[in-house]
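Quick notes on the structure that follows.
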Amino acid sequence: MKHISSIASKIALGSAGVVIMSVLAGCEQKQEEQKQQNKFLIIEQQAGGKYVVVESLPTDGPSRALIREKDANGNTVERFMNEEEMKKLAEQEYKKVQDGTSETVKSGESSAGMGLGGTILAVAAGSLLGNMIGNALMSNKNFASRSSTANQSAYSRPSTPAGAPGSAASSSSPKKSYFGGSSTPASAPSAAPSSSSTSTYGG
Amino acid sequence: MVKLQNIRPLKNEQLEKLGFTWHTDSDSSRYISDTLVQITQDEAEAYYEAVNEIYDMYAEAAGYVIENDLFFELGIPFNLVDAIKKSWENDVHWHIYGRFDLAGGVDSKPIKLLEFNADTPTALFETALLQWALLKENGMDENRQFNNVYDAIRENFKRLITLFEDTEFFDERYDGWKILFSSIQGNDEEEATTRLLRQIATDAGFNTGFEYLQNVKFDENGIYDKSENQYEYWFKLYPWEDIAVDEPELATTLTTIMQNQAVIILNPAYTLLFQSKGMLKILYDLFPDSPYLLKTSFEPLKGMKYVEKCAFGREGANIKIVGADGAVLNEQGGEYGNHKKVYQEYTELPKDESGVKYQAGVFFAYEACGLGFRKGGEIMNNMSKFVGHVIV
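Chains as they are written, first to last, in the numbering used here: chain U, 458 to 660; chain A, -3 to 388.
Structure, rendered in structure tokens:
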């Protein structure tokens, strides 16, 4: 009878259960922030010398990266990078973010790829440097856009849901808001404030 | 007679700490009842079986509606027909959760389908969390409830990635796709419901965000939060039919976004078919022998007591109970009066010893997953109360 009594002797309510338990016990605490998953990255050097992530897999172990580069003769060579080395590169790049010189926070032609440090920071900042730094970086518009284009694996894997986006070309069409949103052009028919803003929809 | 058990209620202060601020109705009465409905294990099982079977019937009926182009009959706005068809064609448009409202199921009364809240169901917080907290607070055995809602919805979020396969594959297939959750600003219940769903999705392993509806940005290639972060999924606790009518340009944009395979929108557009009470008539046509269905027609029923409903009425609005002689016995006004009408055979709701009536709400997320009751008068409305249950 899994469906009837699956709550048996465990907290089946996930993080909500922890909150409820602590409120009932009178010792509520702040919820944990979302945990970052460690990653196994395959990073390929492009013809122009820049790097892109071609595969990104979650891993239970420490983060690792396989770097594929071209040697002087144009042959592909592979090397592994462990979490410590990745962290070091990410930290160096993060310092550049702080003094404004990192290419991860520059707007521009994001398809061209970035240096190795930039590429690693762009796709794994949270898991390497911690959630706070990861979130702070993602709130930077340029970084977020770099992050999504640095990772070319995200939308091209066979298991990609068929309805999930292809790496969307940055659109030149203006974005609009509705429901009385502020960025809707005044001339648009939807600019009128939605009359339903206080109704309840639950049925 | 519905059997009740008195319990110690959760204090308002506790409820507020949980994020449940709508504990007091506008007449100052408490929204959460300090009793539980006693049900048997067999009654719980019967709700489970019934709802799974009813959902299968809905899926078959939706296919029938699309095949035979019956959108107009269901009162579906024309500017959502393409979105509905597209969402129906591809399994990635996965239905996260819904709630069936049922008569009967206790006190030896047969289970009868009243309607399906498939698009934007609330009462989620109460059923998933408060039901559990009520038992816990009263030192009762947590096994004695039909409540797997949180876990079932968490697993169903994973199916956005794994579809019909085992959700254990989620971790290896999930690659950072983000879900943006949105509700209107200024309605605590809707916002808390939406934030709870976000929390469940986060527990499932998704990257998630929240943005009020008016701050969400749209273009043909995607959906973005205020900071222009792009998302692959958008969950909106906002009715599809209201988008169609109040924001027709957005309805067109969303259809294009689906066409471009830029974003998957949840609950999917086809849940508007399920949501239409016109489906009750289609179901009755297709499955006249089902024990769960009441006779339903697009014309007033002759020679029997019936209930007049609007295709998209919510919270008991615009419902009329009409006697066999055609006299209106009970009526509730509302804003949905110009919707298409549906006429459903009347069925008596189970009552407690003081004559208060009870309606069951069973949540569905891939399978039936949890039960809650509403109690009130003849027509359940937004003054009716939530009542938890215990399996005795």
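C-beta: ideal position from N, C-alpha, C; glycine also.
DSSP beta-bridge partners of residue i
| i | result |
| --- | --- |
| A/H19 | Note: A/H19 sits in no beta bridge, so no partner. |
| U/M571 | U/Y508 |
| U/E535 | U/R525 |
| A/H385 | A/V33 |
| A/K337 | A/C306 |
| A/Q226 | A/Y220 |
| A/D281 | According to DSSP, A/D281 bridges with nothing at all. |
| A/Q328 | A/I315 |
| A/N203 | A/K174 |
| A/V358 | A/F96 and A/L367 |
| U/L481 | Beta-bridge pairing links U/L481 to no other residue. |
| U/Q502 | U/Y508 |
| A/G372 | A/K353 |
| A/N75 | Beta-bridge pairing links A/N75 to no other residue. |
| U/L578 | DSSP lists no partner for U/L578. |
Outcome for residue i when other beta-carbon atoms lying within 10 angstroms are tallied against a minimum of 16
| i | result |
| --- | --- |
| A/P284 | exposed |
| A/L325 | exposed |
| A/T36 | exposed |
| U/A626 | Because the pLDDT of U/A626 is 43, which lies under 50, any placement of that residue in the model is unreliable, and the number read from its coordinates should be weighed accordingly. It is exposed - the Cβ of U/A626 has fewer than 16 other Cβ atoms within 10 Å. |
| A/M300 | exposed |
| A/V61 | buried |
| U/S640 | Low confidence applies here, because U/S640 scores a pLDDT of 43, under 50, leaving its location unreliable and the question unanswered by this model. |
| U/P631 | exposed |
| A/V(-2) | buried |
| U/T606 | buried |
| A/D171 | buried |
| A/V388 | exposed |
| A/P287 | exposed |
| U/M589 | exposed |
| U/A482 | exposed |
| A/A364 | buried |
| U/R536 | exposed |
| U/S513 | buried |
| U/G587 | exposed |
| U/D681 | A question about residue 681 of chain U goes unanswered here, because the residues of chain U that appear run from 458 up to 660. |
| A/L14 | buried |
| U/F636 | buried |
| U/Q503 | exposed |
| A/F393 | This structure does not reach residue 393 of chain A, given that chain A is present from -3 up to 388, and the question cannot be answered. |
8 angstroms Cβ cutoff met for residue i and residue j
| i | j | result |
| --- | --- | --- |
| U/G570 | U/T576 | yes |
| A/E295 | A/Y339 | yes |
| A/W18 | A/D242 | no |
| A/K108 | A/P346 | no |
| A/D21 | A/I3 | no |
| A/Q141 | A/H385 | yes |
| A/L130 | A/L289 | no |
| U/Y508 | U/I500 | yes |
| U/E540 | U/R521 | yes |
| A/T189 | A/N75 | no |
| A/A79 | A/M254 | yes |
| A/I196 | A/Y146 | yes |
| A/I180 | A/Y234 | yes |
| U/S602 | U/V580 | no |
| A/Y54 | A/M379 | no |
| A/L246 | A/I219 | no |
| A/R26 | U/G471 | no |
| A/K273 | A/E111 | yes |
| A/E341 | A/L297 | yes |
8 angstroms contact criterion, which residue i and residue j should meet: CB distance rounded
| i | j | result |
| --- | --- | --- |
| U/S596 | A/S178 | Between A/S178 and U/S596 the Cβ distance is about 18 angstroms, and since that is not below 8 angstroms, they are no contact. |
| A/G100 | A/P117 | In fact, because the Cβ distance is near 20 angstroms, the residues do not count as touching under 8 angstroms. |
| A/Q328 | A/N113 | Not confirmed; about 17 angstroms, so no contact. |
| A/F202 | A/F153 | 6 angstroms |
| A/F96 | A/F360 | 6 angstroms |
| A/L126 | A/F206 | Incorrect: roughly 22 angstroms between the Cβ atoms, too far for contact. |
| A/L268 | A/E237 | 6 angstroms |
| A/K174 | A/T204 | 7 angstroms |
| A/R194 | A/Y362 | Contact flag wrong, Cβ pair sits at about 19 angstroms. |
May I ask you to verify whether the region 370 to 388 of chain A touches the region 344 to 362 of chain A, counting CB pairs closer than 8 angstroms and requiring at least 3?
yes
Just checking, does the region 225 to 240 of chain A make contact with the region 132 to 152 of chain A on the three C-beta pairs under 8 angstroms criterion?
no
The region 83 to 92 of chain A touching the region 257 to 266 of chain A, judged by at least three CB pairs closer than 8 angstroms:
yes
Is it true that the region 197 to 213 of chain A meets the region 127 to 141 of chain A, where meeting means three or more beta-carbon pairs spaced less than 8 angstroms apart?
no
Give me the subset of the region 521 to 546 of chain U whose CB atoms are less than 9 angstroms from a CB atom of chain B, sorted by chain position.
The structure shown has no chain B; the protein chains it does contain are U and A.
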